[in-house]
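S.K.: Quick one: the structure is below, and I'll ask about it shortly.
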Amino acid sequence: MTSTAKKFLSASTARAASAGLLALCSLLSTAAQAQQLYRIVGADGKITFSDQPPAPSSNAKVSAGSSATGGVVSNTAALPFELRQVASKYPVTLYTGDNCAPCASARSMLLSRGIPFSEKTVNTNDDGQALQRLSGDNSLPFATIGGQQLKGYADVEWTQYLTAAGYPTASVLPANYRQSPAAPLAPSVAAPAANSSPNTAAGKAPAGAAPAAPAPVVSNPAGIKF
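Going by numbering that gives the first Met the number 0, the first residue of the sequence shown is number 0, and it counts up by one from there.
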């Protein structure tokens, strides 16, 4: 084969590899956008959840929630190389609630095995709606390993999925590694302030107005099942 032909083949191979890489990046970007969950507060204070951001003209406030496949913990840079590769490819997200014994068991297993994970708490109505949209259910604990969903805690099943994803069977986390703190699944966003009268704007209640009754205490407002 002539040197000219070799150069041509080499250039063609490089172009093909570059095109393939660009296509893969595009697909991954599209998939990530499709899995993003948005918490939208409309001008009327109504809260909705959607996988599409609102139109700029809607003046709605929006916060990005968890993606359907979870997210890598923020301190993955401190992980050993092989574990960092697995955590980037198959990130683990655990969804938990207060007073949930199975949730505590699931968390304990992940920590004892040295699995880096993100934890999202489900304790409010907004959290419950977001969980329903993500999992199609309102049962806890719930977890994602990459695109795989795990509903309810079963030690054997979770262990098998983690092993199949490539996570080590024993912890290899560095001694200085710290687990990221849990965060609400649907972070609260203040509703737009309503038009107020001069008295209320100054922080004064209208004359003769009765004091507001305290809100009733609701047990398990998200309606979560354990």
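Using N, Cα and C, we set each Cβ at its ideal position, and we do this for glycine too.
Where do the ends of the beta strand (DSSP E) carrying Ser-117 lie?
M.R.: As a first step, residue 117 must be located in the sequence shown, where it is residue number 118. Unbroken beta strand (DSSP E) run through Ser-117: 116-120.
S.K.: Going by C-alpha distance, which of Leu-110, Ile-39, Tyr-94 is nearest Pro-173?
M.R.: Here the question's residue 173 lines up with position 174 in the sequence shown. It is Leu-110 whose Cα lies nearest to the Cα of Pro-173.
S.K.: Where does Lys-88 sit, in a helix, a strand or coil, going by DSSP?
M.R.: Residue mapping note: residue 88 aligns to position 89 of the sequence shown, counting from 1. Looking at Lys-88 - three-state DSSP - the assignment turns out to be helix.
S.K.: DSSP on Leu-93, reduced to helix/strand/coil?
M.R.: Reading the sequence shown from its first residue, position 94 is the one you call residue 93. Correct three-state label for Leu-93: strand.
S.K.: Look at the alpha carbon of Ala-142 and the alpha carbon of Thr-75, and state the distance between them as a whole number of angstroms.
M.R.: The count along the sequence shown starts at 1 and reaches residue 142 at position 143. The count along the sequence shown starts at 1 and reaches residue 75 at position 76. The C-alpha of Thr-75 is placed about 19 Å away from the C-alpha of Ala-142.
S.K.: What does a CB cutoff of less than 6 Å around Ala-153 pick up in its chain, not counting 5 residues either side in sequence?
M.R.: As a first step, residue 153 must be located in the sequence shown, where it is residue number 154. None.
S.K.: In the DSSP output, what is Pro-183 paired with across the bridge?
M.R.: Locating residue 183 in the sequence shown gives position 184, where the first residue counts as 1. The partner list for Pro-183 (beta bridge, DSSP) reads Thr-120.
S.K.: Bridge partners of Gln-147, per DSSP?
M.R.: To locate residue 147, count along the sequence shown from 1; it is residue 148. DSSP, once it has assigned bridges, lists Ile-144 as partnering Gln-147.
S.K.: Determine, using beta-carbon pairs with one atom in the region 79-99 and one in the region 113-123, whether at least three such pairs fall under 8 Å.
M.R.: yes
S.K.: Please report the distance separating the alpha-carbon of Lys-150 from that of Ala-169.
M.R.: For the purposes of this step, residue 150 is taken as the residue at position 151 of the sequence shown. For the purposes of this step, residue 169 is taken as the residue at position 170 of the sequence shown. Going from the Cα of Lys-150 to the Cα of Ala-169 covers about 23 Å.
S.K.: So, at 7 Å on beta carbons, what are the nonlocal neighbours of Cys-102 in its own chain, with the 5 sequence-adjacent residues on each side left out?
M.R.: Counted from its first residue, the sequence shown places residue 102 at position 103. Closer than 7 Å at Cβ, skipping near neighbours: Thr-95, Gly-96, Leu-139, Pro-140.
S.K.: Could you check whether Val-85 and Gly-165 sit closer than 7 Å to each other, using their CB atoms as the reference points?
M.R.: Residue 165 sits at position 166 when you count from the first residue of the sequence shown. Residue 85 sits at position 86 when you count from the first residue of the sequence shown. Yes, the pair counts as a contact, with Cβ atoms nearer than the cut-off.
S.K.: Please look up how many angstroms separate the CB atoms of Leu-226 and Leu-78, rounded, as I've assumed it's under 8 Å.
M.R.: This structure cannot settle anything about residue 226, because the visible part of the chain is limited to 0 through 225.
S.K.: What are the boundary residues of the alpha helix (DSSP H) that Thr-162 is part of?
M.R.: Start at 1 with the first residue of the sequence shown, and residue 162 comes out as number 163. Per DSSP, Thr-162 belongs to the alpha helix (DSSP H) from 154-164.
S.K.: What is the DSSP secondary structure of Ala-169, counted as helix, strand or coil?
M.R.: The residue you call residue 169 lines up with position 170 of the sequence shown. Ala-169: coil per DSSP, three-state reduction.
S.K.: In the structure shown, what three-state DSSP assignment does Gly-127 receive?
M.R.: On the sequence shown, position 128 is the one that residue 127 refers to. Looking at Gly-127 - three-state DSSP - the assignment turns out to be helix.
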